[in-house]
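Its first residue numbered 102, the sequence shown is counted upward by one per residue in our numbering. Read through the structure below, which is laid out as structure tokens, and then see the notes.
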Amino acid sequence: MRKIVMHRAGGPDVLEMTEVPEPQPGPGEVVVQAEAIGVGWPDILIRRGSYKWMPPLPTSPGSDLAGRVIALGGGVDAAMLGRSVLLTARELKVRGGCYAEQVAVPADALFLLPEGVDLDAAVCLPNYQVAWNLLHVAPRGQLVRRLFINGVAGGVGSALAQLAKAAGITVLGSVSSPEKAAFARSIGVDHVVNYRHEDVQARVLELTAGEGVDLAVDHIGGEGFTKLFGLLGNWGLLVSYNASGGVPQENLLQALRDHGTKCLAVRIFEMHLYDHDREGRRHIMQKVIDALAAGRIAPVVAARLPFAGAPLAHAMVEEGKACGKVLLKPALDRLWAAA
102 MRKIVMHRAG
112 GPDVLEMTEV
122 PEPQPGPGEV
132 VVQAEAIGVG
142 WPDILIRRGS
152 YKWMPPLPTS
162 PGSDLAGRVI
172 ALGGGVDAAM
182 LGRSVLLTAR
192 ELKVRGGCYA
202 EQVAVPADAL
212 FLLPEGVDLD
222 AAVCLPNYQV
232 AWNLLHVAPR
242 GQLVRRLFIN
252 GVAGGVGSAL
262 AQLAKAAGIT
272 VLGSVSSPEK
282 AAFARSIGVD
292 HVVNYRHEDV
302 QARVLELTAG
312 EGVDLAVDHI
322 GGEGFTKLFG
332 LLGNWGLLVS
342 YNASGGVPQE
352 NLLQALRDHG
362 TKCLAVRIFE
372 MHLYDHDREG
382 RRHIMQKVID
392 ALAAGRIAPV
402 VAARLPFAGA
412 PLAHAMVEEG
422 KACGKVLLKP
432 ALDRLWAAA
């Protein structure tokens with residue numbers, strides 16, 4: 102069985118393909134044959150060695166996997182054999198571990214998928230789990246009529262856009278290229294702003310007749326973070342769910358005071374809020390599984406790469422070249438070898 106392992110932190114070249122024995126399920130465990138493996142930012146941070154919840158080295162990155170149960174350990178319901186399932190490392194004691202053709206995991210860590218659900222789409226759902234929180238939990242009951250997504254073509258951004266449209270919300274979003282603008286429109290974004298060529302604040306206010314948006318979400322941070330206050334309306338909320346561009350250096354309280362007549366607020370969101378709330382995080386994941394099964398969301402796959410293409414997959418995600426989710430497909434290696 103093949104597994105991608107890293108013995109040290111670094112660039113994509115530290116990802117090494119290795120042959121290891123097939124895993125055997127212990128009591129209460131099952132073995133899952135991977136059909137689709139998601140590549141995302143937690144994987145990048147593990148590879149860099151900068152993840153706050155870094156697993157011990159050597160390790161295999163990978164946080165999301167969809168496949169089928171092929172073996173059962175003692176005490177596991179026989180009905181699970183052959184079931185299609187979703188695995189996210191949020192349900193495991195140690196982060197990562199999903200860059201493998203097979204994994205042995207506790208049966209109760211898995212999410213059972215309805216028959217007929219596309220596994221490539223299912224492996225995208227952890228992004229929707231985050232997005233569901235940003236839209237339906239972080240506002241704490243505040244009415245959201247208009248939403249602005251900074252970087253709407255990203256994995257979480259595009260998931261959030263789809264969930265918002267399903268809820269009847271007007272969605273505005275920023276992008277960096279015409280290609281990403283076209284992608285954003287294809288998933289239903291109402292108004293797209295190219296931040297390289299347009300004044301985002303002015304354009305959003307123009308599009309909302311000066312009223313601004315109720316909710317803005319951001320994963321970049323950095324020096325542009327406080328500028329987002331200018332596109333919020335009265336009682337507007339800005340939610341930060343990452344800071345890939347670094348922590349803002351401006352005085353946040355002063356920046357809020359500069360817009361004091363609008364009574365704005367800032368909230369930080371991390372999925373690690375649910376590290377000790379298993380019931381809560383599984384409840385939200387089930388909601389997005391149900392949304393997928395009902396056709397209310399349609400995850401977009403940007404690229405399907407063979408298992409050996411993990412370094413390329415990391416580069417695509419890291420350089421922001423993908424619109425949608427990048428997947429590793431172990432079966433592609435076998436198909437290509439046969440050809």
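C-beta: ideal position from N, C-alpha, C; glycine also.
Note down the Cα distance separating V360 from D315, rounded to an integer number of angstroms. Correcting the residue identity first, residue 360 is His in this sequence and not Val. Distance between the alpha carbons of H360 and D315: 14 Å.
Output the residue ranges of the alpha helix (DSSP H) runs that lie fully inside the segment 344-402 and measure 4 residues or longer, sorted by chain position. 353-359 and 379-394
Measuring CB to CB, does L393 end up less than 8 Å from V218? yes
Over what stretch of residues does the alpha helix (DSSP H) that includes I145 continue unbroken? W142 to R149
Classify A439: buried if its beta carbon has 16 or more other beta carbons within 10 angstroms, exposed otherwise. In this prediction, A439 has a pLDDT of 49, which is less than 50 and means its spatial position is unreliable; what the coordinates show is noted afterwards. Counting Cβ neighbours within 10 Å, A439 comes out exposed, since fewer than 16 surround it.
Unbroken stretches of the alpha helix (DSSP H), 4 residues or longer, contained in the segment 204-233: 220-223 and 226-233
Taking the alpha helix (DSSP H) that R304 falls in, what are its first and last residues? V301 to L308
For A232, does the count of other Cβ atoms within 10 angstroms reach 16, so buried, or fall short, so exposed? buried
Would you mind stating whether M417 and A423 have Cβ atoms separated by less than 8 Å? yes
Contact check, V131 vs V206, beta carbons under 8 Å: yes
Whose C-beta lies closer than 8 Å to the C-beta of T327 among residues of the same chain, with five residues either side of it excluded? P349, E351, L353 and A356
In the DSSP output, what is V132 paired with across the bridge? A172 and A205
By alpha-carbon positions, which one of P215, P227 and R149 ends up nearest to I385? P227
CA-to-CA distance, V294 to M181, given in whole angstroms: 47 Å
Examine chain B for any beta-carbon lying closer than 8 Å to the beta-carbon of P156, and answer yes or no. No chain B is part of this structure, which consists of one protein chain only.
Kindly indicate which residue of D319, D376, A303 and E192 has the alpha-carbon position closest to the one of L166. E192
Just list the alpha helix (DSSP H) runs in the segment 235-294, keeping only unbroken ones of 4 residues or longer that don't cross its boundaries, in chain order. 256-267 and 279-287
Identity of the residue in H377, W154 and S259 nearest K281 by Cα: S259
With C-beta atoms as the reference, is V318 less than 8 Å away from L213? no
Test item: CB-CB of K266 and Y200 under 8 Å: no
So V115 and R148 are in contact, right, with Cβ under 8 Å, and what is the actual spacing, rounded? 6 Å
Tell whether a beta-carbon distance below 8 Å holds between G168 and V133. yes
Would you mind sorting V402 into buried or exposed? The rule is 16 or more other CB atoms within 10 Å of its CB. buried
State yes or no: is the C-beta of V59 within less than 8 Å of the C-beta of V186? Any answer about residue 59 is impossible in this case: the structure gives the chain only from 102 up to 440.
Any idea if R196 is buried or exposed, counting beta-carbon neighbours within 10 angstroms, 16 or more meaning buried? buried
Is it buried or exposed, A303, if we count other Cβ atoms within 10 angstroms and call 16 or more buried? exposed
Less than 8 Å between the beta carbons of G325 and L365, yes or no? no
Per-residue DSSP class, three states only, for P412: helix
Please tell me whether S164 and D178 are closer than 8 Å, where the distance is taken between their beta carbons. no
Who does L166 pair with in a DSSP beta bridge? I138 and L188
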